[in-house]
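This note's numbering applies: residue 12 is where the sequence shown begins, and numbers increase by one.
The beta carbon of each residue, even a glycine, is placed where N, CA and C say it ideally should be.
Written below as structure tokens is the structure these notes are about.
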Amino acid sequence: MYFFEKEIVSLEFYGMIYFRKMKMDYENGCENMCGIVGFVNSKDQKEIIIERMMDRIVHRGPNSSGKFTDDRVALGFRRLSIIDLEGGSQPIFNEDRTKVIIFNGEIYNFQVLREELIQAGHVFSTHADTEVVLHGYEEWGIDVLQRLRGMFAFAIWDTQKQELFGARDHFGIKPYYYAQMNGSFMFGSEIKSFLPHPDFKKELNQEALKPYLTFQYSPLNGETFFKGVHRLQEGHYYLFNEQGLTIKQYWDADFSVKENHSREEWVDKIDQAVQESIAAHQISDVEVGSFLSSGVDSSYVASVLRPDHSFSIGFDDKTYNEAIEARKLTEKLGLNNTAAVIDGEMSFEAFPLIQYHLDEPDSNPSCVPLYFLANLAAQQVRVVQSGEGADELFAGYAAYGFHTNSKAVRVFAQGLKKLPQNIRFRLGRQIGKMKNFHGRIHLYEATAPAQDFFIGQALVFEEEEALQLLKPTYQKGPSVAEIVAPHYEKVNGLKDEVNKMQYLDLHQWMPKDILLKADKMSMASSLELRVPLLDIEMQKLAQTIPTKYLINQNNTKDVFRQASNRHLPKEWANREKLGFPVPIKAWLKEGTGYEAVKALFESDFAATFFDQTAILQMLEDHRQGKLNLQRKIWTIFTFLTWYKVFFIDESIPEAKEIVYETL
């Protein structure tokens, strides 16, 4: 392993996974598995520093690297060794070497753009999609971002203007961080790459903990858990030059325009779009596998993709074993499936390493099975497609207004939605004040303003609960209302409350939780994860669908499910959503899990942040079955694990060989 304060890197653990014989063809522009890092300043020793920074993201591409330095800038890139090494190497220059790019991601329409640029007179030295972005910037400037279809995070250095241009994809599929400290501007795919930079000051952001306890992830609009380190937000670009840093938004979702089509026409359009997107995301000369759970989204992808390999993960507790149902689907479809079972001991052993790879604490329990699923898949393929994005684009969450099994209540609520907005809002707020009755939550959320109750797909601690647990130093930070307000303000004019919730999730939940864990957990095993259902063309279609066709008295993401039925066994599309269930309730009551949590809750540093008596009592109440506090305990445990990794141990947690029990 390598340590934060040392330069030596050992790849011994990665042997089996990373040095497997690969085949890729840059004629198809495939440049998978990579990470970028760089900085701008007027100081010396750039080559030494950029090498150390690149070492921190070795897992994103451990076989080879490339770098560029001059008096002002250092750019670094990590990649997996594949054929056409010369053509695929980065950084890449334009014809006169006045511009240079490092790029992470995939551009799925690069071939069309390449032909257009050749017609405009540009001369290409490679067949890679990276060079298309570079020449596109030469030809169209910042407007190149409006033409890109894909997932990306890149930086272009203009040697003449002495200016850095960077951008992140529309949804934030690929991560991008930056910091300005002690005369240096630094950026990269992962925060950990900043740690060896001599100008980087590692410090906990004291304002991040309170909102994290509510949201389960770091929800701040920009800043991260590391003070002074920011995310480049989804759909944004920046320019950094002598005048300083300028950040602007180049894309945003727009739910204001709806199209008028019949239900069957929408089903046709969705199915056509899904098939086209999956085909576009399949561009590769290596096998493209798929993740497969028991839910409709990944099942739809797998049924259209028809991969040679699909992968599923489950737990030794059959109640939480989605792999069993996934295997049934592959048998019906005639697909190969590799499925494995993990247990609590394996999960707790890997948990510090999981938090290390995440960069920031994320207590979404699905991080655990996703980490193992990616590791399992990486033993056979280099690229997988997955089902992320469908719930946000096509209204698949119960929180959008599907909280009852009573068809009568759902039909009644659908009727109430037709009331004039001012009357509906008043009614909703009155229902919210009533004592509980069957269907109250469903009726309340069908009639009240979204901003009154919806902050996203996770709510762990109420704000007052969090304040009571935290020591005074960590009680500061923005309120929940202050965090979500900027997003609601942008869609204030919309009449549809479901669209407002979708918009919030696209800018909070998706980039800061779902996509963050998808990228970090897959790249931990040098596996590229592609999300065809979260494609810009898919989004353009989805935002025009009237909500009545998405969530209604029949189902969530209704027409999407109907489209999937054309490829899946009968009624598979209407299966109940499980969402990577994890048996943490049982884990926290005994054995390895209970002991691991108790040890951290009793630690001296835990008392720095929390009322130690209170959190230990929570654990004991849960163990004795007095209360089900699994999510709250897990959220505190996650933060303490992350803090211990980055601020106490200051080393990469040990990565042990994983031995799976296969189904």
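query                                                                                                                                                                      : result
Going by C-alpha distance, which of Gly412, Ile466 and Phe472 is nearest Tyr455?                                                                                           : Gly412
Within this structure, are the beta carbons of Val422 and Gln573 separated by less than 8 Å?                                                                               : no
Among Gly161, Phe79 and Pro102, which residue has its Cα nearest to the Cα of Gln550?                                                                                      : Gly161
Count the other CB atoms within 10 Å of the CB of His578; is the residue buried (16 or more) or exposed (fewer)?                                                           : buried
Would Ala334 and Ser533 qualify as a contact pair, given that the criterion is a beta-carbon distance under 8 Å?                                                           : no
Measure the CB-CB distance between Ala351 and Tyr119 and report whether it falls below 8 Å.                                                                                : no
Beta carbon of Trp645, beta carbon of Pro376: below 8 Å?                                                                                                                   : yes
Please report the residue range of the beta strand (DSSP E) in which His241 lies.                                                                                          : Val240 to Arg242
Since Thr170 and Asp82 should fall inside the 8 Å C-beta cutoff, what is the C-beta to C-beta distance between them, to a whole number of angstroms?                       : Actually they do not touch by this definition, with Cβ atoms about 10 Å apart.
Indicate whether Gly400 and Val542 have their beta-carbon atoms separated by less than 8 Å.                                                                                : yes
Taking DSSP as the reference, what is the three-state secondary structure of Ser305?                                                                                       : coil
Take the Cβ of Arg274 as the centre, count every other Cβ of all protein chains shown within 10 Å, and call the residue buried at 16 or more, exposed below.               : exposed
What residue does the alpha helix (DSSP H) around Asp402 start on, and which one ends it?                                                                                  : Ala401 to Leu404
Since Ala178 is in the beta strand (DSSP E), which residue starts that stretch and which ends it?                                                                          : Glu174 to Arg179
Quick one: complete alpha helix (DSSP H) runs, 4+ long, within the region 529-569?                                                                                         : 547-553
What's the C-alpha gap between Leu674 and Gln366?                                                                                                                          : 27 Å
Within the same chain, show all residues whose beta-carbon is closer than 8 Å to that of Val134, passing over the 5 residues directly before and after it, in chain order. : Glu106
Given that a residue counts as buried once 16 or more other Cβ atoms are within 10 Å of its Cβ, and exposed if not, what is Tyr37?                                         : At Tyr37, the pLDDT of 34 sits below 50, so the modelled position is not reliable and the matter cannot be decided from this model.
In whole angstroms, what is the alpha-carbon distance linking Val394 and Thr349?                                                                                           : 15 Å
Could you pull out every residue in the same chain whose Cβ sits closer than 7 Å to the Cβ of His70, ignoring the five residues on either side in sequence?                : Met534, Ala535 and Ser537
In angstroms with no decimal places, state the Cα-to-Cα distance between Ala313 and Val123.                                                                                : 27 Å
When the Cα of Thr341 is compared with those of Tyr331, Val420, Ser321 and Pro380, which residue comes out closest?                                                        : Ser321
Per DSSP, which residues does Cys45 bridge with? Please list them.                                                                                                         : Arg90
According to the Cβ coordinates, are Gln554 and Tyr499 closer than 8 Å?                                                                                                    : no
Identify whether Pro222 lies in helix, strand or coil by the three-state DSSP scheme.                                                                                      : helix
Spatial neighbours of Arg108 within its chain, please: CB distance less than 8 Å, with the 5 preceding and 5 following residues excluded, ordered by chain position.       : Thr170
By Cβ distance, which residues of its chain are closer than 6 Å to Val392, with the 5 residues on each side in sequence left out?                                          : Glu298, Gly300 and His320
If we call anything under 8 Å between Cβ atoms a contact, is Lys482 one with Thr649?                                                                                       : no
Please report the Cβ distance between Pro102 and Leu86, rounded to the nearest whole angstrom; I am assuming they are in contact, meaning their Cβ atoms lie under 8 Å.    : 5 Å
Taking only the alpha-carbon atoms, compute the straight-line gap between Glu631 and Phe165 and give it to the nearest angstrom.                                           : 48 Å
By how many angstroms is the C-alpha of Leu470 removed from the C-alpha of Glu493?                                                                                         : 15 Å
Enumerate, from N- to C-terminal direction, the unbroken beta strand (DSSP E) stretches of 3 or more residues contained entirely within the region 99-168.                 : 110-118
Note down, in chain order, each residue of its chain lying with its Cβ closer than 6 Å to the Cβ of Leu159, except the 5 sequence neighbours on either side.               : Ile118
Going by DSSP, what residue range makes up the beta strand (DSSP E) through Ala350?                                                                                        : Asn348 to Ile353
Can you tell me which residues form a DSSP beta bridge with His247?                                                                                                        : Gln260
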